[in-house]
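So the structure is just underneath, and the comments pick up after that.
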Amino acid sequence: MSGKMIGVDVGGTFTDIFVLDESDGTARVGKVPTSRPDQSTGFLQGITEAVADIGSVGVVVHGTTAGTNALLERKGARTGVICTQGLRDVLEMRRRDRPRTWGLRGDFEPVVDRRNRLEVPERTLADGTIRTPVDLESVRTAARQLQDQGCVAVAVLFANAYANPANEAAAVAALREIWPNEHVSASSEILPEIREYERFSTTALNAYLQPEVSGYLGRLGAALDKGGFGGEFMIVQSNGGVMDVDTACRFPIRTALSGPAAGVIAAGYIAWSAGFDNVITGDMGGTSFDVSLIAEGRSMLAPQTSIDFGMVVRTPMIEITTIGAGGGSIAWVDKGGLLNIGPESAGSDPGPVAYGLGNDRPTVTDANVVLGRIDPENPIGGKLARLDVDAAARAIDLHVGQPLGLDTLAAAEAILRVANSRMAGALRLVSIERGFDPKKFAFMPFGGGGALHAGAMLAEVGIARAIVPRYPGVTSALGCVIADMRQDFVQTLNAMLDGLDTDMLGTVMQDHHDRGMAMLKAAGTRFEAREATFALDMAYIGQTHTVSVPIPVSVTEGKVQPPTQAQIAAAFDTVYRDTFGRLLPGGVRRILNLRSAVTGKRPKFDLATLAPTVTDPARPKSTRKVHFGTDWHETAIYDRLTLPIGTVITGPAILEQPDTTVLIEPGLVGRVDPLGNVIIETGPEAGA
């Protein structure tokens, strides 16, 4: 192996860079402020600062929030919809839900304005029968009208297109002949799955993002080419896999949670390598705190999510809970005298008050600075010479201390207690409330600020230990480098198990397998293995909610052998009994959807290559006073990256490195494991 691999994660505050030199296994990290409004500037700046010669780079993998931000900020393209007569308002009606559960009113504007949603004559029935062939002249007329109204992207949303895509395919073919760009999305291509609103919403949002995301990726690709880059450029998907740029431009909705997903993938690999299969991850950046759970080495995949109210995206994605409790989250006291954290964030510009760039409202980072937990002389990111501790203290006094009658230190501690409480609530949500005992899990904090709050999470949630990875501030960027290539497919079958046409099932499975393998081949990258997995969404007839049933499938020389009815029945009974504790005697089993995943296993590098090689005993480089609870403690400060394997450090202590600060609170012990991770546990005997 030779050449360099670069992972780039663009967050709300910082753009993180992880460079792996495959020739010798060495790694470098970088961190630059995220550029606004065009994130590509910071992306390229980070790469050029990390690598002198872009031509020496073989692979660049990017975890992006461009699509997520465009949805949250509603900065996608002006989009048109061409739909079946009578279905113009599906996007607006949704599931007849409301933004506020108990409110009688709630405003919601779909991303597609009503005047840009046009109907055409056509009708396909639920069994796939075409009752009314599509009127192609009406489609062409609607397309011209949408262009005249300024639409630069269009989505075709026909009733029951999942059962028979013929009408939709004919309309799309006609559209693509006259539409001035490639931004044409079809529901049967994006999501051939039953449930009208989810299919319409996902496809419309895909169209809404296409110009923004494809333009962004196009600018990145062009700039990389100009710099002499001739390798592979790939994008992280929300499911934790990667895809090539062409696929990302056609299906930008698959990037909805790209960056956070990369962090979870990295955390799972790091934890598995360190001997831990059960992990709760906590990615604390400048804007948010993203939490996910990995049980028995497997990330939780959700079939759909809501990016914001009414913006439903149905595509497989790693299940991530996000709250507004990042380092830049603003602390404020409401009219009732309660202290709140976020969701508003100072971001990277102007950033926390201590940055001195114009913000005057205190943040979580400001509280950590005032309490001595962050070294004001060495802020991460490399763009500031020094943090302004006095300005941070004044802001805390004005906005928190005075309203609550607290002195500066008590107010700063209060900010951290509220922030920690909110973060602990997110950890309980993904563990206790879903039936998992947090005592059986390790907590892996990463992101720029996560390792400052590890001890608080152990105390508040009851987790046994924390694992701080070698480079926590750039874990998501590391995840970009190690993520596998993956393509997901879905097809509604809507059939009873009794009497199932297994030949038909085999035909659909073979189609998914062949299309996925073709995508892997077209990517031109090297894989250690290729695999296809299949699952059925099943339920008893009359039930609304399904269970996901993995089915046994053998693939020989590219030929998929579908399971028998008996094998499917046995698999369903096992999953249903494990889920609900019983079966329904006499119940009729129903198959709703087939879900397939084709994965190319990319080579993984040995994390031991990142481990420290020094053998000299660990010695603190300095000490400083750090505030814990009600007192100042003289605290040893270590250079974390020079701590040898096996080092045991008793808190209070601070471990500093370029991308983050690790806090070991009083009563906790940190131990450097063979991979260079720091394992934080309670009690003086924990390191034994």
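Under the UniProt record's numbering, read the sequence shown as residues 1 to 688, first letter to last.
Every residue, glycine too, gets a C-beta built ideally from N, C-alpha and C.
No experiment lies behind these values; they were computed from the predicted model shown.
Can you tell me whether residue i is buried or exposed? The criterion is at least 16 other CB atoms within 10 Å of its CB, across all chains shown.
| i | result |
| --- | --- |
| residue 360 | exposed |
| residue 237 | buried |
| residue 90 | buried |
| residue 93 | exposed |
| residue 183 | buried |
| residue 125 | exposed |
| residue 1 | Because the pLDDT at residue 1 is just 39, under 50, the model does not fix this residue reliably, and the value given afterwards should be weighed accordingly. So residue 1 ends up on the exposed side. |
| residue 688 | In this predicted model, residue 688 has a pLDDT of only 40, less than 50, meaning its place in the structure is not dependable; the value taken from the coordinates is given anyway. Answer is exposed; the Cβ neighbour count stays below 16. |
| residue 4 | buried |
| residue 31 | buried |
| residue 599 | buried |
| residue 630 | exposed |
| residue 37 | exposed |
| residue 385 | exposed |
| residue 573 | exposed |
| residue 496 | exposed |
| residue 512 | buried |
| residue 461 | buried |
| residue 270 | buried |
| residue 504 | exposed |
Spell out the partners DSSP gives residue i in its beta bridges.
| i | result |
| --- | --- |
| residue 654 | 637 and 663 |
| residue 475 | The partner list for residue 475 (beta bridge, DSSP) is empty, contrary to what the question assumes. |
| residue 244 | 234 |
| residue 487 | 598 |
| residue 141 | According to DSSP, residue 141 bridges with nothing at all. |
| residue 681 | 465 and 669 |
| residue 289 | 284 and 323 |
| residue 496 | 590 |
| residue 340 | 332 |
Are residue i and residue j close, meaning C-beta to C-beta below 8 Å?
| i | j | result |
| --- | --- | --- |
| residue 553 | residue 547 | no |
| residue 491 | residue 516 | no |
| residue 457 | residue 443 | yes |
| residue 603 | residue 526 | yes |
| residue 169 | residue 127 | no |
| residue 251 | residue 206 | yes |
| residue 590 | residue 538 | yes |
| residue 418 | residue 280 | no |
| residue 180 | residue 77 | no |
| residue 337 | residue 403 | yes |
| residue 391 | residue 307 | no |
| residue 55 | residue 228 | yes |
| residue 341 | residue 366 | no |
| residue 323 | residue 289 | yes |
| residue 480 | residue 248 | no |
| residue 668 | residue 681 | yes |
Using the C-alpha atoms, what's the distance from residue j back to residue i?
| i | j | result |
| --- | --- | --- |
| residue 330 | residue 345 | 5 Å |
| residue 471 | residue 129 | 56 Å |
| residue 245 | residue 285 | 26 Å |
| residue 7 | residue 648 | 31 Å |
| residue 333 | residue 276 | 40 Å |
| residue 583 | residue 569 | 12 Å |
| residue 369 | residue 287 | 17 Å |
| residue 464 | residue 679 | 10 Å |
| residue 510 | residue 535 | 14 Å |
| residue 685 | residue 628 | No answer about residue 685 holds up, because its pLDDT of 48 lies below 50 and its placement is not dependable. |
| residue 145 | residue 514 | 38 Å |
| residue 523 | residue 202 | 25 Å |
| residue 489 | residue 235 | 18 Å |
| residue 362 | residue 351 | 10 Å |
| residue 11 | residue 65 | 7 Å |
| residue 375 | residue 448 | 14 Å |
| residue 425 | residue 416 | 14 Å |
| residue 674 | residue 423 | 29 Å |
| residue 549 | residue 575 | 6 Å |
| residue 195 | residue 117 | 19 Å |
| residue 222 | residue 435 | 48 Å |
| residue 421 | residue 437 | 18 Å |
Measure how close the beta-carbons of residue i and residue j come, nearest whole angstrom, since I'm counting them as under 8 Å.
| i | j | result |
| --- | --- | --- |
| residue 612 | residue 644 | 6 Å |
| residue 80 | residue 154 | 5 Å |
| residue 217 | residue 454 | 35 Å between Cβ atoms; not a contact. |
| residue 112 | residue 204 | 6 Å |
| residue 594 | residue 493 | 6 Å |
Can you find a CB in chain D that lies within less than 8 Å of the CB of residue i?
| i | result |
| --- | --- |
| residue 515 | No chain D is present in this structure, which holds just one protein chain. |
Should residue i be listed as close to the ligand PLP, given that the test is whether its C-beta is under 7 Å from any heavy atom?
| i | result |
| --- | --- |
| residue 155 | Looking at this structure, you won't find the ligand PLP or any other ligand, since it has none at all. |
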